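Reviewing the structure listed below.
Residue numbers (this note's numbering), protein chains in the order written: chain B, 1 to 282; chain A, 1001 to 1306.
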């Protein structure tokens, strides 16, 4: 499912003299520049700019109302489905302008997958049909391809062993934690470059939460992850980089600080960040 | 303050009165129908001759007529109704959704005699001069589009019925479709599905039991519809060998003949037809309710529906 438009291949000869050129800092997988989101003219997120590093976990943290989820949903154009929603500024995926018209929202969403707060497997479909649904939406028909992708995605989501003998069972027969891992597998099967996760453990018990958190570290090599969480311990445990948002003037969320997770929690630059991560509010 | 016990007894009494009324209703119908059933036995259901004067009474023509008109109505109404419901729930801009939904609900409130009158005065001439000649041309005047083109008959009855059940079908289907959880729709979009794929692979499958329930409730209404059908079907006691031919349904024969049924057997036979019709209607309604319930209790269904 590689798309040449999105994954520009390295031109031959670029790495001809590696000793002389210093290793380039890896290009961020997504870049946000002055991103604002408004609903019916009312701003919800204002002028947010930061980079999402490739093959890392980036956490969006902040109190409720700070626009974390709103910002996340602008990355795969989910706001297109909401009347009156307006996204401005620029968001790049690689070097493609997400809102630029050179990539359709449906193609974009197969490159930037999403996992939601509550597990939402399709209840009318079997486990197998759930995992392969994204591929079939994108026109993949060959059985061998589908089966291979399903197995690989389920292994990656640490669900293969418990479902490999009941792939035809309905998705609703799984536990909540398993359903969420099924949703992760479903998103992974399309082989996205970025996986957006909107508080993916907020409806799960501590054991299921721990399994998902462990999973994030294993998935990093495969996909860049952006996770929204209201749980600071979780952000500390799972993320490499952190963006802290706060509700600014006229209730719109603004970016306060963006830094490596260890720095943001250890020695933040902004006093408001320090107050928040030390639990003095929020 | 009313004590809890009295409250409970009061409500139980009201409920019991209703249950008794229902029981009395069904019992009296069965008692009145008994002479006909006893005299003609199973032949009442299989007999095709309906001659009250000479005492030959078989109801098969009407049973078939009811099933035929209902089938024609559903064949026309289901695709149009489901399509309209999908459009109302997911495709049209919000500005259009509200007024159109209201229009559909208004159509459900039109009394059936008005549909009958309209069918007779406006639709029948159009069917006779436009639709029937066109259909006859398709088959070269052979069945099922053969015979005299009168306008009035099986086809017109089915057509009018389809228009009458559409509001029910659309209103309930739309509610069932809207009730599909938003996270299901979003989940599909987030995987790169197109709008059509979201509807076809996620929304409709999720709502399928409710849609089946809506269809069944609409079928129930078509089965029992009386006055409009009586006005446009022609009321002849004969099988329709063509869609253009006049015939009769269970409901229409009762409405047509009960005022002139002086023979005791004739009256009993009409009540017996009513019992058969009631049985079919109950069966369809119970099926619909079970189907709709299996989809979950969130939907607003069964309001004001036969």
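Glycine included, C-beta positions come from ideal geometry on N, C-alpha and C.
Predicted, not measured: the structure shown is a model, and the values here were computed from it.
Beta carbons nearer than 7 angstroms to chain A: which residues of the stretch 129-140 of chain B have them?
133, 134, 137 and 138
State yes or no: is the beta carbon of residue 87 of chain B nearer than 8 angstroms to at least one beta carbon in chain A?
Chain A contact via Cβ: absent.
Which same chain residues, not among the five before or five after residue 1043 of chain A, have their C-beta less than 8 angstroms away from its C-beta?
1058
Alpha helix (DSSP H) runs contained entirely in the stretch 1094-1147 of chain A, provided each spans 4 or more residues
1094-1108, 1112-1118 and 1132-1139
Under 8 angstroms (Cβ pairs) to chain B, residues found in the stretch 1186-1204 of chain A
1186, 1187, 1188, 1189, 1190, 1191, 1192, 1193, 1194, 1197, 1201 and 1202
Residue 70 of chain B and residue 112 of chain B: beta carbons closer than 8 angstroms?
no
Quick one: Cα of residue 1265 of chain A to Cα of residue 1052 of chain A, how far?
8 angstroms
Identify whether residue 125 of chain B lies in helix, strand or coil by the three-state DSSP scheme.
Assigned with DSSP and collapsed to three states, residue 125 of chain B falls in coil, not helix or strand.
Would you kindly report the start and end of the unbroken alpha helix (DSSP H) that includes residue 1231 of chain A?
For residue 1231 of chain A, the enclosing alpha helix (DSSP H) starts and ends at 1227-1232.
With distances taken Cα to Cα, identify the nearest neighbour of residue 184 of chain B among B:207, B:168 and B:213.
B:213
Is the beta carbon of residue 203 of chain B sitting closer than 8 angstroms to the one on residue 170 of chain B?
no
What residue from A:1158, A:1224 and A:1121 has the CA that sits closest to residue 1250 of chain A's CA?
Looking at the Cα atoms, A:1224 is the closest of the given residues.
For the pair the stretch 1109-1121 of chain A and the stretch 1225-1239 of chain A, tell me if three or more CB-CB distances fall below 8 angstroms.
yes
Would you list the one or two residues that DSSP bridges to residue 33 of chain B?
Residue 33 of chain B is bridged by DSSP to B:90.
Nearest by alpha-carbon distance to residue 1183 of chain A: which of B:28, B:242, B:50 and B:81 is it?
B:81
Quick one: does residue 113 of chain B have its CB under 8 angstroms from some CB of chain A?
With 8 angstroms as the cut-off, residue 113 of chain B counts as an interface residue toward chain A.
Please identify the residue among B:99, B:251, B:243 and B:115 whose C-alpha is closest to the C-alpha of residue 262 of chain B.
B:243
So, is the C-beta of residue 190 of chain B closer than 8 angstroms to a C-beta in chain A?
yes
Can you find at least 3 beta carbon pairs, one from the stretch 1095-1102 of chain A and one from the stretch 1265-1281 of chain A, that sit closer than 8 angstroms?
no
Going residue by residue through the stretch 171-220 of chain B, where are the continuous alpha helix (DSSP H) segments of at least 4 residues, counting only ones entirely within it?
176-189 and 206-219
Tell me, which residues are paired with residue 258 of chain B by DSSP?
B:243
Can you pull the chain A residues whose beta carbon is under 9 angstroms from the beta carbon of residue 78 of chain B, in chain order?
1186, 1189 and 1190
Please decide whether residue 55 of chain B counts as near chain A, where near means a Cβ-Cβ distance under 8 angstroms.
Using beta-carbon distances, residue 55 of chain B does not count as an interface residue toward chain A, since no partner is under 8 angstroms.
Please state if the CB of residue 157 of chain B and the CB of residue 128 of chain B are separated by a distance shorter than 8 angstroms.
no
Quick one, which of B:120, B:255, B:215 and B:142 has its alpha-carbon nearest residue 61 of chain B's?
B:255
Using a beta-carbon distance below 8 angstroms, is residue 1206 of chain A in contact with chain B?
yes
Helix, strand or coil at residue 1160 of chain A [DSSP, three-state]
Helix, per DSSP.
Which of helix, strand or coil does DSSP assign to residue 1083 of chain A?
Note: residue 1083 of chain A maps to helix in three-state DSSP.
Could you spell out where the alpha helix (DSSP H) holding residue 1021 of chain A opens and where it closes?
1004-1040
Just checking, does the stretch 1136-1151 of chain A make contact with the stretch 1163-1178 of chain A on the three C-beta pairs under 8 angstroms criterion?
no
Integer Cβ distance of residue 1150 of chain A from residue 1062 of chain A, believed to fall under 8 angstroms:
Not really, about 20 angstroms apart at Cβ, beyond 8 angstroms.
Are the Cβ atoms of residue 57 of chain B and residue 220 of chain B separated by less than 8 angstroms?
Yes, they are a contact pair.
Reference residue 205 of chain B; option with closest CA among B:230, B:177 and B:197
B:177
Just the C-alpha distance for residue 1017 of chain A and residue 1024 of chain A, rounded to the nearest angstrom, thanks.
10 angstroms
Determine the DSSP secondary structure at residue 1293 of chain A, reduced to helix, strand or coil.
Of the three classes helix, strand and coil, the one that applies to residue 1293 of chain A here is helix, per DSSP.
Starting from residue 265 of chain B, find everything on chain A with Cβ-Cβ shorter than 9 angstroms and list it in chain order.
Here the premise fails: no neighbours, minimum Cβ distance about 30 angstroms.
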